Structure formats: C-alpha cells, structure tokens
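Q: Pasting a structure here, questions to come.
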Amino acid sequence: MVRSTPTFTAERLAALQKSYNEAGQGHVFKFFSDLDDEEAAVLFEQLDGVQVERCNEFFDRTVRNPAAVEGGDKIAPLESGSFASTLDGSSSPDDISAWNDEGMRLIRANKVAVILLAGGQGTRLGSSEPKGCYDIGLPSGKCLFEIQAERIRRLQQIAASSDGTAATIPWLVMTSGPTSVATKKKFSDSDFFGLNPDDVFFFNQGVLPCFDLDGKFMLEQPGKLAVAPDGNGGIYEALRLSGALDWLQERGVEHVHSYCVDNCLVRVADPTFIGYAALRGAECGALVVPKKAWNEPVGVICLRNERYSVVEYSEISEETAKQKRADTEQLAYNAGNICNHYYSLDFLRSRVPDIEARLEHHIAKKKIKHVDLDSGDVTVPTKPNGIKLERFVFDVFPYVERMAILEVDRRDQFSPLKNAPGSGADCPETSRSDLIAQCIRFAEAAGATVEKLPEGREPSFEISALVSYAGEGLESLSGLTLAADQLINSLDDVVAV
C-alpha cells in the first residue's frame, strides 16, 4: 500500500488520475496502490511528465486517421542542376575552394556548432555500451567519440587566427535514456578527449509511451510505463526544451552541422559543406552519396509531391529504382541519404516549432514486453503486439524553403557501423578498412608511397586526426615509402622503409 510520499500530494495524485481517466488511459494506475512509496513516487513522476492528450492525438493522427494524400504520393528524382557535386569535376575547383574558404571563415568567427546524434547502443555489435564508445579496431584503439572529438580539435587548430585568437566549435551530444549516463562518464573519464568541457552540451532525446494495438499505453512493470525514444526526429523538440538553442544563440552560433555517431569517416563541422550551404542562404542542407547499386537498402533524397523528401528503399518499386538519367546514365534515384545535415540556427529557432506541429509520426510495430493487466504478470511476446511512434530527422525537409544538397565521395565521408562483427557489410571490419584506406590515400596524395604487404595481409596504417583533418599538412611525407603498419601521431615520428 502507498503510505506516504514526499514527492506528491493526494490532491496531485487525484488530479493526475482524473486526467488519465478522461483520456482513456486510467488503466496505468491499476497497480499503483500495490507499490511501495519509492515505486509509487517514480511512477507518479513518470506519468506526470507525459502529455497524455497529446500522445493520444499522435496515435489518432498516425494510426487511426492517417492523413491521405490527394491523388497519392507523386515521386520524382532530383532535377539535374538542383544540387551540386564534388565528384568527377561536376563542380570547379574554384567553387569547391570558395565553399571551403567560407566554411573556414565561419568557423574562425565562432559561428559554427556541431550536433552529434548519439542515442544508439552497441547491441547489434555485441556491446552494451553506447555505440560511440565502440572501438572499430584501429591501431590507436580509439573509439568513435574520440575520433570525432579529435577532428573537432584539429579543425579548431586550422581555423585559429594567426594572431593567436582561438576558434571554438561547440559540440552538442544528443543521448537517449539508455546511453546518457554512460556517454557522460566516457567523456568525463577521457577528459572530454582534449576538448574544453564548457564547449560540450549534453541533452537527451525525448520518449513516447508505447501503445498496444488499440491505442492504450502499456506498462513495462507494475510501476513503470513502457516508453521508447521518439526517433531521431525528436532532436528538434529536444534541442528546444533542453535550452540548447538558447545556449547556441548566446554563443553567437549561426550555422549547425548534424551527423550520426556511427559514421567513422564523418567530417565533423565539414567546412566545405557548411560554406556551400551558407553561401546559398540555405535553411537546411544534406550531404548525399551515390548509391552502390539500384537495390542498396538506403533511403534517397528526391521529390515527393514536388517537395524535398527522403523516400525509403522499401517505398520505391524495382522499376523506379532502376530508372536512369538520360543525360548521364546514372541512377535517377541516386542521392543516398547519410543523415548528415546542415541547419541555420534561425531555421531551428524560428521555423521548426511551427513545422513540428504539422509533422506526422511513423509507425513501428514491435514486440514489447509488458504487464498483463488481468494477471499482473510480465509478458514477453513472440510477435509484434504494440506500436512505437517516432519521427525522423528528415521529416522537416518538405517544409524547407531553401535547401542545399551536396553530393560527396562515399569513400571519404561515409562508412556506417550497423552490423555485428564478421557480417561483411557496414560492420567494424569495413569501418576499420575504410578509415585505413582513407589514411593511405591522404599519404599518397601528399606524394608518399605506402609499403605493399603480401597478399591477404591488410595494412594497419593510421594518421591521427590531430595530424590531418582531411589530408592537409602532410607535405613532409612526399618522396617517402611509409611502413604499412604504423600509427602517425606526429610527423616527427614517421616510420619509413
């Protein structure tokens, strides 16, 4: 029985129960009187933090009464000329240089910040830690967080003014309930990977109740509501509610780069991308890579009902996916989405709140562990029994007035870590191989040769991001033949053969 609680009064409890009863969700209190004081307090605080009518509205709009598109969705590829590319001479070297120069100017003026989407766990990788803590097997043993932090540090060094004025790139890290504590501990234990802790801002993505198929909230335990992250599209509300947008405005930031933690090749605060988007006065931007094949399971940026959108591979027929452009013979639907985005801060602050009110959720039918309300037993289902609602970060695209899309080389900017070791694709081994191959290309572009190993042996060649962000500053390697197995932490300690 609930005897006394220091965190809520009988009046507050009665009011909360009334609101849930009126919303048709009063069943979540069924076991409340059986909880001890601490359990009751925890459940009360959890339920008090839920906007129950708003959640019901989400379910009604998404599941019961989804919006119909008159005449159906009309899908079309991006028009030639509607986006720029850094591939195959599509853009002049002068243009690319101008984009990079503008991005560096903005970084030097402390106008650029970075948002890291780091809510995922390494479960599929066989790890219980946040995915950002994962070591992909580099010679340095660095985890994804450290690799990315060192790219920020290097870019700040490059951008620092000759008069000694420092450049600062604030780093906002979006975690989830399961990853928040462990992520903060990793940063703290690692001395923030050499960054100033005052320049790092942690915030949590939101959660929504899990619904059964009839729209009723589910209990994970008698004293705990079943909830799930609201998708990476929850970033917008989370930025606002956490105070992150105000924090950025106070620091004078005007441009934001956002990316996912599981890409070991990401160019954090990519000056070329930021400069490209900023010079076009874009509200929002996206990096894309050409698809490997028509059937690669990746979403593509295209036009849906004449507005920018991401269409998942499962939404496109084989016939459509195989279409080619008449002028280039490339796939028409070729702009692979890699969750690498640009935003103006003004867009995030001024326009996104109104856009959010119009965004629909997406349905994910899942097997959800829950309490049987009749028996009180915890049930582990063998087939999907519930619904999780989520939004995607790209759901804002159709509402963007000025969009900037830039195509880049996959080899240099995209190697996702999605699958278990040994799976052969998008796994730790491919991430490691792709980053090492990039380091070798950096050295070769500087005029060096990397030692060839016997067939079947892969090199372990790594250039620290603190030495080079994107291949710059390696001129002293010219003419050298470099040992294939080495970690270059300083150009003074290079092993030549």
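Each residue of the sequence shown is one higher than the one before, starting from -2 at the first, in the working numbering. Beta carbons: idealized from backbone N, C-alpha and C, even for Gly. A quick note: this is a predicted structure, and the numbers were derived from the prediction, not measured.
Among Leu141, Ile402, Phe55 and Tyr466, whose alpha-carbon lies nearest the alpha-carbon of Ala227?
A: Per the sequence shown, residue 227 should be read as Asp rather than Ala. When each option's Cα is compared against that of Asp227, the closest is Phe55.
Q: Considering Gln320, what are the terminal residues of the beta strand (DSSP E) in which it resides?
A: Segment: none, Gln320 is in no beta strand (DSSP E) and carries neither H nor E.
Q: Near Ala417, which residues of its chain fall below 7 Å by C-beta distance, leaving aside the five closest residues on each side in sequence?
A: Arg121, Leu122, Gly123 and Cys424
Q: Flag Gln218 as yes if its beta-carbon sits less than 8 Å from any beta-carbon of chain C, otherwise no.
A: Here there is only one protein chain, and chain C is not present.
Q: Can you tell me whether Leu471 is helix, strand or coil according to DSSP?
A: coil
Q: Does the distance from the CB of Ile155 to the CB of Tyr396 come in under 8 Å?
A: For Ile155 and Tyr396, no; Cβs fall outside 8 Å.
Q: Hey, out of Ala266, Trp291, Thr325 and Leu328, whose CA is closest to His338's CA?
A: Ala266
Q: I need the boundaries of the alpha helix (DSSP H) containing Val178, first residue and last residue.
A: Ser177 to Asp186
Q: Do Lys319 and Gln327 come within 8 Å of each other at the CB atom, strictly closer than that value?
A: no
Q: Check the DSSP bridge columns for Pro294 and list the partner residues they point to.
A: According to DSSP, Pro294 bridges with nothing at all.
Q: Which residues share a DSSP beta bridge with Met400?
A: Cys281
Q: Only counting runs of 3 or more residues, tell me where the beta strand (DSSP E) segments fall wholly within the segment 86 to 149, in order along the chain.
A: Fully enclosed beta strand (DSSP E) runs of 3 or longer: 109 to 114.
Q: Is it buried or exposed for Lys380, if we count other Cβ within 10 angstroms and need 16 for buried?
A: exposed
Q: Just the Cα atoms here: how many angstroms apart are Phe41 and Phe5?
A: Note on geometry: alpha-carbon atoms of Phe41 and Phe5 lie some 8 Å from one another.
Q: Under 8 Å: do the segment 438 to 452 and the segment 102 to 122 share three or more Cβ pairs, one atom per stretch?
A: Segments in contact, no.
Q: Classify Val25 as buried or exposed, calling it buried when 16 or more other Cβ atoms lie within 10 Å of its own Cβ.
A: buried
Q: Between which residues of its own chain and Thr165 is the CB-CB distance below 7 Å, once the five residues before and five after are set aside?
A: So the list reads Asn107, Gln153 and Asp196, once near-sequence residues are dropped.
Q: Alpha carbon to alpha carbon, how far is Gly138 from Ile437? Give it in angstroms, no decimals.
A: 18 Å
Q: Would you call the CB atoms of Ile271 and His252 closer than 8 Å?
A: yes
Q: What is the C-beta distance between Leu356 and Arg388, in whole angstroms, given that I count them as a contact (C-beta under 8 Å)?
A: Contact holds; Cβ gap of about 6 Å.
Q: If I measure Cβ to Cβ from Asn201 and keep anything under 6 Å in the same chain, skipping five residues before and after, which residues do I get?
A: Thr172 and Ser177
Q: Using the C-alpha atoms, what's the distance from Val109 back to Tyr505?
A: The chain is shown from -2 up to 494; residue 505 falls before or after that span and cannot be answered.
Q: Just to check my reading of the structure: Phe458 and Ile433 have Cβ atoms closer than 8 Å, yes? What is that Cβ distance to the nearest angstrom?
A: 5 Å
Q: From Lys288, Gly86, Phe184 and Asn229, pick the residue whose C-alpha is nearest to that of Arg408; which is it?
A: Lys288
Q: How do the segment 298 to 312 and the segment 361 to 376 stand: do at least 3 beta-carbon pairs fall below 8 Å, yes or no?
A: No, because fewer than three Cβ pairs between the segment 298 to 312 and the segment 361 to 376 fall closer than 8 Å, the two stretches do not touch.
Q: Relative to the C-alpha of Asp259, which residue among Phe198, Gln145 and Lys385 is closest?
A: Gln145
Q: Using only CA atoms, which one of Val492, Tyr256, Cys52 and Val375 lies nearest to Ala225?
A: Cys52
Q: Specify, as a first and last residue, the run of the alpha helix (DSSP H) that Leu276 falls within.
A: Pro268 to Leu276
Q: Which whole runs of the alpha helix (DSSP H) in the segment 392 to 460 are 4 residues long or more, in chain order?
A: 407 to 410 and 425 to 442
Q: Gln48: buried (16+ other C-beta within 10 angstroms of its C-beta) or exposed?
A: Gln48 is exposed by the Cβ-count criterion.
Q: In angstroms, rounded to a whole number, what distance separates the CA positions of Ala81 and Arg346?
A: 27 Å
Q: I'd like to know whether the C-beta atoms of Ala279 and Met400 end up nearer to each other than 8 Å.
A: yes
Q: Measure the beta-carbon distance from Val405 to Leu284 and round it to whole angstroms, keeping in mind my assumption that it falls under 8 Å.
A: Yes, Val405 and Leu284 are in contact; Cβ-Cβ is about 5 Å, under 8 Å.
Q: List, from N- to C-terminal side, the alpha helix (DSSP H) runs of 4 residues or more that fit wholly inside the segment -1 to 40.
A: DSSP runs (the alpha helix (DSSP H)) wholly in the segment -1 to 40: 7 to 19.
Q: Report yes if the CB atom of Glu448 is closer than 8 Å to the CB atom of Thr478, and no otherwise.
A: yes
Q: Considering only residues of the same chain and omitting the five flanking positions on each side of Lys71, which have a CB-CB separation below 6 Å?
A: Cβ-Cβ distances below 6 Å link Lys71 to Asn302 in the same chain, with the five nearest sequence neighbours on each side left out; the list follows chain order.
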